[in-house]
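J.: The structure follows.
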Amino acid sequence: MDLTLEVIETERLLLVPADLKFANEIFKNFNSETTKYMYPKPANDISETIDFLSNSILEMKKGTNYQVIITKKDTHEFIGCAGLHDLTSEIPELGIWIKKESFGNKYGQETIKGIVNWAVKQNKWNKARYPVDKRNISSRKIPESLNGIIVKEFKSINMSNVELDEVEYEVSLEKEFA
């Protein structure tokens, strides 16, 4: 299933498939502040961002990963990235990051709800995982807004060598959210 043509439209946003044309925006905005509570680290140079996007596109063509760029519907302004990963597993993983200038607008909730509703329509999975650092209150509100339940707690070391204190939510993919 080629996912490079799948676009999700929400009330205020367009979630478009990963594309190399967003490399500069991603490189500029995926910084140490954005990744503070995340596993990945910021790219050292633009070539790492291009590699990430190229790999994402290949995985989408194979149907193993759905990586989207979040843009405002009216202005096409870049907001961040999100995805549904590990699509060949029984329980895929939701992920998201929003650029700092767009914090506080509930774009994360709107984006993940859009991806969850898309996943429900695929009729392939019963639930998705959403791992998040306990200290990242804004990001925790995303699965909680979708009635997510905590199923696991664990610590991990991220790619910047910082310890994360995480909880993993499970979100139902059995029915769409209004």
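Following UniProt numbering, the numbering of the sequence shown begins with 1 at its first residue and continues without gaps. Where a beta carbon is used, it is the ideal one built from N, C-alpha and C, also for glycine. Remember, predicted model here, so these are calculated numbers, not experimental data.
(1) If contacts are defined as beta-carbon pairs under 8 Å, then Leu13 and Ile70 qualify, I think. What distance do you get, rounded to the angstrom?
(2) Ser172: which of Pro40, Phe78 and Ser145 sits nearest, CA to CA?
(3) Assess, as a yes-or-no matter, whether the region 106-120 is touched by the region 26-44 under the definition of 3 or more beta carbon pairs within less than 8 Å.
(4) May I ask you to report which of helix, strand or coil DSSP gives Asp51?
(5) Give me, in chain order, the residues of the same chain whose beta-carbon lies closer than 6 Å to that of Pro131; leave out the 5 immediate sequence neighbours on both sides.
(6) Please report the straight-line C-alpha distance between Glu170 and Lys121, rounded to a whole angstrom.
(7) Counting C-beta neighbours from all protein chains within 10 Å, is the total for Val7 16 or more, i.e. buried, or is it exposed?
(8) In this structure, how does DSSP classify Glu170 when only helix, strand and coil are distinguished?
(9) Buried or exposed: Val16, going by 16 or more other Cβ atoms within 10 Å of its Cβ?
(10) For Ala82, which residues does DSSP report across the bridge?
(11) What are the boundary residues of the alpha helix (DSSP H) that includes Pro143?
(12) Quick one: residues in its chain with C-beta nearer than 8 Å to the C-beta of Lys28, no 5 flanking neighbours on either side, listed in chain order?
(13) Below 8 Å on the Cβ atoms is my contact criterion, and I expect Leu94 with Ile115 to pass it. Report the Cβ-Cβ distance as a whole number of Å.
(14) CB-CB under 8 Å to Ala23, same chain, minus the five flanking residues each way: which ones, in chain order?
(15) In or out: Ser32 buried (at least 16 other Cβ within 10 Å) or exposed?
(16) Helix, strand or coil: which one does DSSP assign to Phe154?
(17) Let me check one thing: in DSSP terms, what residues is Tyr130 bridge-paired to?
T.: Checking against the coordinates, here is how it stands:
(1) As a first step, residue 13 must be located in the sequence shown, where it is residue number 13. As a first step, residue 70 must be located in the sequence shown, where it is residue number 70. The Cβ separation is near 6 Å, so the contact holds.
(2) Position 172 of the sequence shown holds residue 172. With distances taken between Cα atoms, Ser172 lies closest to Ser145.
(3) Not touching, per the Cβ criterion.
(4) Walking along the sequence shown from the start, residue 51 turns up at place 51. Helix.
(5) On the sequence shown, residue 131 is found 131 positions in, with the first residue counted as 1. Same-chain partners within the cutoff: Glu166 and Glu168.
(6) By 1-based counting over the sequence shown, the position of residue 170 is 170. By 1-based counting over the sequence shown, the position of residue 121 is 121. Each residue's alpha carbon lies about 18 Å from the other.
(7) By one-based count along the sequence shown, residue 7 stands at place 7. Using a 10 angstroms sphere on the CB of Val7, the tally of other CB atoms stays under 16, which defines it as exposed.
(8) As a working note, residue 170 is residue 170 in the sequence shown. Looking at Glu170 - three-state DSSP - the assignment turns out to be strand.
(9) In the sequence shown, residue 16 corresponds to position 16, counting from 1. In this structure Val16 is buried. Its beta-carbon is surrounded by 16 or more other beta-carbon atoms within 10 angstroms.
(10) Reading the sequence shown from its first residue, position 82 is the one you call residue 82. DSSP output for Ala82 lists Val68 and Ile96 as bridge partner(s).
(11) The count along the sequence shown starts at 1 and reaches residue 143 at position 143. Counted as a single uninterrupted DSSP element, the alpha helix (DSSP H) harbouring Pro143 occupies residues Ile137 to Ser145.
(12) Translated into positions along the sequence shown, residue 28 becomes position 28. Cβ-Cβ distances below 8 Å link Lys28 to nothing in the same chain once the five nearest sequence neighbours on each side are left out.
(13) Here residue 94 corresponds to residue number 94 of the sequence shown, with the count starting at 1. Here residue 115 corresponds to residue number 115 of the sequence shown, with the count starting at 1. With a Cβ gap of about 7 Å, Leu94 and Ile115 count as contacting.
(14) By 1-based counting over the sequence shown, the position of residue 23 is 23. If the five residues before and after Ala23 are omitted, its C-beta is found closer than 8 Å to the C-beta atoms of Ile46, Thr49, Ile50 and Leu53, all from its own chain and listed in chain order.
(15) Taking the sequence shown and counting its residues from 1, one reaches residue 32 at position 32. So Ser32 ends up on the exposed side.
(16) What you label residue 154 is simply residue 154 of the sequence shown in a count that begins at 1. Here Phe154 carries a strand assignment [DSSP, helix/strand/coil].
(17) Taking the first residue of the sequence shown as 1, we reach residue 130 at position 130. In the DSSP output, where bridge partners are listed per residue, Tyr130 has Tyr169.
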